[in-house]
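Novice: Right, I'll just put the structure down here and ask away after.
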Amino acid sequence: MRGWWREFAGLVLPVACGGCGRPRTDLCAECGAALLGAGPRTVRPVPEPEGLPSVRAAAPYENAVRAMLLAHKERGALGLVGVLGSALAGAVRAGAGPVCGAGPLLLVPVPSARRSTAARGHDPARRIALAAAAELRRTGTPAGVLAVLRQRRAVADQSGLGAGQRRANLAGALEVAGGAGRLLAGGPVVLVDDLMTTGASLAEAARAVRAGAVADAGARWRNTGEQGLRAAVVSASPSAFEINRN
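In this note's numbering, the protein residues as written are 2 to 247.
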């Protein structure tokens, strides 16, 4: 019911820019440029969690971009999903590189905690992943969404946790749904999320996907091994964009 109400409200209630609050538009030109203007970049958190695949992000998590992601995730500004999906599609495309041509890109969203999904009335990462896959197909790149990751145990709220605490909190928390490992053989796998801060969620998702592929005799390791598995996010911590470090 809550998800239906948010969809309806988005159609009939006055809107404001999700980035700056300017009235009568979901997204103004300036905030759209902040999200899409710079182009995707390789990002890397410090410290970098073990097993984190190569990650591309569309924009730093600050100012208007931060406001947009929070509006979509926490306040049900579902009208932003199209531009957020376009941003994620650009990051996916930038990171796919030489793995293209081996089948459709398979976008695997990092799942939200069940209680968070229930409270919000939607799963933000999955919604953005579906929009990104549609944008990729529209622009000539075969792509689909495989929502095969599941939480196998409860995790604590990540707010306020440091990098090491987040890794411990998420260790072993995800798994590939039973029998879904073979689906990962259908094309290059790209883990996707709306935001990367410490990289702990993406590293745990990568571990679960690799384990699920290996456990299923029908899955091909080349799609999920160190060279095949990639990741893309809409946004990442500004410090993660500083990749030219000694």
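For glycine and all other residues, C-beta sits at the position ideal for the given N, C-alpha and C.
Taking the continuous alpha helix (DSSP H) assigned at Val93, which residues delimit it?
Specialist: Here residue 93 refers to the residue found at position 92 of the sequence shown. Taken as a continuous stretch (DSSP letters only), the alpha helix (DSSP H) holding Val93 covers Val82 to Ala97.
Novice: Can you find the residues in the same chain that come closer than 6 Å, C-beta to C-beta, to Pro143, ignoring five residues on each side of it along the sequence?
Specialist: On the sequence shown, residue 143 is found 142 positions in, with the first residue counted as 1. The residues are Pro105.
Novice: Can you check which of these residues, Ala34, Gly20 and Pro54, is closest to Leu203 by C-alpha distance?
Specialist: The count along the sequence shown starts at 1 and reaches residue 203 at position 202. Nearest option by C-alpha distance: Pro54.
Novice: By a C-beta neighbour count over all protein chains shown, 10 Å radius and 16 as the cutoff for buried, is Thr140 buried or exposed?
Specialist: Reading the sequence shown from its first residue, position 139 is the one you call residue 140. Under this definition Thr140 is an exposed residue.
Novice: Kindly list the residues whose CB is nearer than 8 Å to the CB of Gly91, restricted to its own chain and excluding five residues on each side of it in sequence; keep chain order.
Specialist: Position 90 of the sequence shown, counting from 1, holds the residue named residue 91. Closer than 8 Å at the Cβ level, and outside the excluded window around Gly91, lie Leu37, Gly40, Pro41 and Ala59.
Novice: Buried or exposed: where does Pro48 fall if 16 or more other Cβ atoms within 10 Å of its Cβ makes it buried?
Specialist: By 1-based counting over the sequence shown, the position of residue 48 is 47. Label assigned to Pro48: exposed.
Novice: If you count every other CB in all the chains shown that lies within 10 Å of the CB of Pro24, and 16 or more means buried, which is it?
Specialist: Along the sequence shown, one-based indexing puts residue 24 at 23. By the neighbour-count rule (16 or more Cβ atoms within 10 Å), Pro24 is not buried but exposed.
Novice: Which stretch, first to last residue, makes up the beta strand (DSSP E) that contains Val191?
Specialist: Against the sequence shown, residue 191 aligns to sequence position 190. Run containing Val191: Val190 to Met197, per the beta strand (DSSP E) assignment.
Novice: Between which residues of its own chain and Thr26 is the CB-CB distance below 6 Å, once the five residues before and five after are set aside?
Specialist: Looking up residue 26 in the sequence shown gives position 25. Closer than 6 Å at Cβ, skipping near neighbours: Cys18.
Novice: Tell me, which residues are paired with Pro110 by DSSP?
Specialist: Residue 110 sits at position 109 when you count from the first residue of the sequence shown. DSSP lists Val193 as partners of Pro110.
Novice: Is it true that the CB of Val177 sits closer than 7 Å to the CB of Leu230?
Specialist: As a working note, residue 230 is residue 229 in the sequence shown. As a working note, residue 177 is residue 176 in the sequence shown. In this structure, Val177 does not lie closer than 7 Å to Leu230 by Cβ.
Novice: Terminal residues of the continuous alpha helix (DSSP H) containing Pro125?
Specialist: One-based indexing of the sequence shown puts residue 125 at position 124. From DSSP, the alpha helix (DSSP H) with Pro125 extends over Pro125 to Arg139.
Novice: Would you grab the beta carbon distance between Trp20 and Ala68 for me? Rounded to a whole angstrom, and I think it's under 8 Å.
Specialist: Against the sequence shown, residue 20 aligns to sequence position 19. Against the sequence shown, residue 68 aligns to sequence position 67. Per the sequence shown, residue 20 should be read as Gly rather than Trp. Yes, Gly20 and Ala68 are in contact; Cβ-Cβ is about 5 Å, under 8 Å.
Novice: Start and end of the beta strand (DSSP E) containing Gly145?
Specialist: Position 144 of the sequence shown, counted from the first residue, corresponds to residue 145. Ala144 to Val146 is the extent of the beta strand (DSSP E) around Gly145.
Novice: According to the Cβ coordinates, are Val44 and Ala241 closer than 7 Å?
Specialist: The residue you call residue 44 lines up with position 43 of the sequence shown. The residue you call residue 241 lines up with position 240 of the sequence shown. Going by C-beta atoms, Val44 is nearer than 7 Å to Ala241.
Novice: Within a Cβ cutoff of 7 Å, which residues of the same chain sit near Gln152, ignoring the five residues on either side of it in sequence?
Specialist: Reading the sequence shown from its first residue, position 151 is the one you call residue 152. So the list reads Pro112, Ala114, Arg115, Ala174 and Leu175, once near-sequence residues are dropped.
Novice: Just the Cα atoms here: how many angstroms apart are Gly52 and Leu81?
Specialist: Residue numbering aside, residue 52 sits at position 51 when the sequence shown is read from its first letter. Residue numbering aside, residue 81 sits at position 80 when the sequence shown is read from its first letter. Using only the alpha carbons, I get a separation of about 31 Å.
Novice: Considering only C-alpha positions, which residue in the set Arg211, Glu31 and Leu107 is nearest to Gly188?
Specialist: Numbered from its first residue, the sequence shown carries residue 188 at position 187. When only C-alpha atoms are compared, the closest one is Leu107.
Novice: What is the residue span of the alpha helix (DSSP H) that Leu70 lies within?
Specialist: In the sequence shown, counting from the first residue as 1, residue 70 sits at position 69. Residues Asn64 to Glu75.
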